[in-house]
Amino acid sequence: MLRNGVKKLTLETSSAAIGFTSLLSAPDFLHYSRDHRSVYKVLEACRLSSDYKAASAIHARIFKLGYGTYPSLVASLVSTYLQCDRLLLARKLLDQVFRLDFNVVIVNLVIEHLMGLGEYGFAKKCFHKTPVRDVITWNLMIGGYVRNARFEEALSFFREMLDSNVEPDKFTFASVMTVCARLGAINHALWVHRLMTEKEIELNPILSSALIDMYSKCGRIQTAKEVFNSADHSDVSVWNAMITGLAAHGLPFDAIAVFSKMEVENIFPDSITFIGILTACSHSGLVEEGQKYFNLMSSRYSIEPQIEHYGVMVDLFGRAGLLEEAYAVIEAMPVEPDVVIWRALLSACRIYQKPKLGEVAIANMSRLKSGDYVLLSNMYCSMKRWESAEGVRELMKKKGIRKIRGRSWIELGGVIHRFKAGDRSHPETEGLYKVLDGLIRRTKLEGFLPQTDLVLMDISEEEKEGNLNHHSEKLALAYGILKTSPGREIMISKNLRICHDCHNWIKLVSKLLIRVIIVRDRIRFHQFEGGSCSCEDYW
């Protein structure tokens, strides 16, 4: 019997287990087994290399070393067996946990480690086998789904928790507010905030920051301001949430005003504060102000700029067309520039058609993603350098790199509706395409011309238009118009940056329908109204 009444967890060996000494010499094994952390590292190596034989050998010996009580090892073994396609062994291992006298502490720790390894499916199995669940059990599941970007599953568990006899606490609400923020789901956000009030959950700096962030990311920046104004201002995180939210909404002067108020109230900014204020300047072309705050970091607050700050400065200059200055920042950096910084430069090169510097950026990016190739290809397309663009696409094919598909979603009636480019899987596809086709005809009559220059050249102009017409944000908007009353505000979220064609088209739609349309893309918010956008075409 161990402390807190936790019994030693004896891990069953698999029939395929072989002697550990046949894989490692005894001295090696003793070296690795000085403590459970060393054994965990060996298991992680087995998991990453899918080495089933070594993992099963460790499994055979692990409890003899006195480490059978460590849930991290149980979770790592489960994950290793799954990685090695040994589903039955993984299930047997979890069953072993529940064949012993039940202890919720052990189970909670196993769930925590499974979630940390990305094994949310097995964490769910573990949860449903658990006869007794405390608030920590529920929080680990909800928080684990959030960390694994399974937001709707997190919401589902939260609803299930509300129907149980376990009351949510501050940690529960912090996770659920993150879900609402990431989804941009305002109806869910309002519901969660109302629940917090009903259950008399007292706000602390973490919850206040989460509330501000949630409303900002759900497109309600005014509500976020109201929360901020009524919150305790003693913690820097609350200020950071407000400045970051204002930056995302393209309100740089509001962000600067908050920063100035922060100074008046003697709240010392941190590195995150400056990322927010620099981003606000970058998104609005405030180059001089951005330089001022960058210099202020070290001169007044003795904060050493980190790689993220240099990245925002590259973006600041790049967006403003000052590519030489952007490149000078990279060359003068005291640390090695990462892929994010080179990507910011590459994006600016596409906008301002600087292919040579764009190629320099590509050459320095060690971990290229599909979006980087697409940026380079689009830059060539915009300059009508078709052979160069085709060369990039061919290189993508050879390396097996696929373009990330655009995805958009809209919340209506408490339900998240998701769309992919060219999607026809939605139950109301016929109706939304009728709306979309009608809008396309109306915008053409108003003189709208699709921007086809960034679509690959090996198809006809008509086919290029067809591709642009069915982008995910257009489908989501058409569905929103189909399901809402005239004049009602529509908000759409998107996983990528909105393209120029969709941006210009939605501006015109907002004018024709006399509607406010909000699009939250990967970078920022765009509020379309009366034929113009809040970004003023600077994004």
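The end of the sequence shown is residue 539 by UniProt numbering, with every number in the run present. Yeah, the Cβ is synthetic: ideal placement off N, Cα and C, and Gly gets one too.
Annotation for Trp138: the continuous alpha helix (DSSP H) segment containing it runs Val135 to Arg147. Around the beta carbon of Pro486, a 10 Å sphere encloses fewer than 16 other beta carbons of the protein chains shown; the residue is thus reported as exposed. Per DSSP, the beta bridge partners of Lys420 are Arg407.
In the structure shown, Ser299 adopts helical secondary structure according to DSSP, grouped into three states. Per DSSP, the continuous alpha helix (DSSP H) segment holding His188 begins and ends at Ile186 to Glu198.
Three or more beta-carbon pairs separated by less than 8 Å are not found between the stretch 520 to 538 and the stretch 434 to 454, which leaves the two stretches without contact. Of all alpha-carbon atoms in Leu117, Arg407 and Asp163, the one lying nearest the alpha-carbon of Tyr145 is that of Leu117.
Burial check for Tyr538: the Cβ neighbour count within 10 Å stays below 16, so the residue is exposed. Between His188 and Leu155, the beta carbon gap of about 7 Å places them in contact (Cβ cut-off 8 Å). Under the 10 Å beta carbon count, Gln353 is surrounded by fewer than 16 other beta carbons and is classified as exposed. The Cβ atoms of Cys502 and Glu536 lie no closer than 8 Å to each other. Just measuring C-alpha positions, the residue of Leu496, Ser164, Met196 and Lys124 sitting nearest Val135 is Ser164. Between Ala348 and Gly311 the beta-carbon gap is near 12 Å, outside 8 Å, which marks them as no contact. Contact between the stretch 299 to 316 and the stretch 339 to 346 is established, with three or more Cβ pairs separated by less than 8 Å. For Lys483, the three-state secondary structure derived from DSSP is helix. Following the DSSP letters along the chain, one finds Ile517 inside the beta strand (DSSP E) bounded by residues Ile517 to Arg520. Ser510 and Leu439 have their C-alpha atoms roughly 11 Å apart. DSSP, read as helix, strand or coil, puts Cys502 in helix. Rounded to the nearest whole angstrom, the CA to CA distance from Tyr120 to Ile410 is 25 Å. For Thr279, the closest of His249, His128 and Phe151 by C-alpha to C-alpha distance is His249.
Taking a contact as a CB-CB distance under 8 Å, the pair Ala247 and Ala255 counts as one, their CB atoms being some 5 Å apart. The Cβ-Cβ distance between Val238 and Pro205 falls below 8 Å. Taken through DSSP and simplified to helix, strand or coil, Ile490 comes out as strand. Taking all protein chains in view, the Cβ of His283 is crowded by 16 or more other Cβ atoms within 10 Å, so the residue is classified as buried.
Under a 10 Å Cβ-count criterion, His470 is classified as buried, with 16 or more other Cβ atoms of the shown protein chains found around its own Cβ. Shown here, His426 sits in coil according to DSSP, grouped into three states, outside any helix or strand.
In this structure, Phe151 sits near Leu183, with a CB-CB distance shorter than 8 Å. Leu436 is not a Cβ neighbour of Ala476, given a cutoff of 8 Å.
Annotation for His526: the continuous beta strand (DSSP E) segment containing it runs Phe525 to Glu529. Asn295 is classed as exposed because its beta carbon has fewer than 16 other beta carbons within 10 Å across all chains shown. Beta bridge pairing from DSSP links Cys180 with no other residue. Around Gly143, the same chain offers Ser175 as residues with beta carbons nearer than 6 Å, after the five sequence neighbours per side are excluded. Our two residues, Ile492 and Gly530, have alpha carbons roughly 17 Å apart in a direct line.
Leu412 is bridged by DSSP to Val415.
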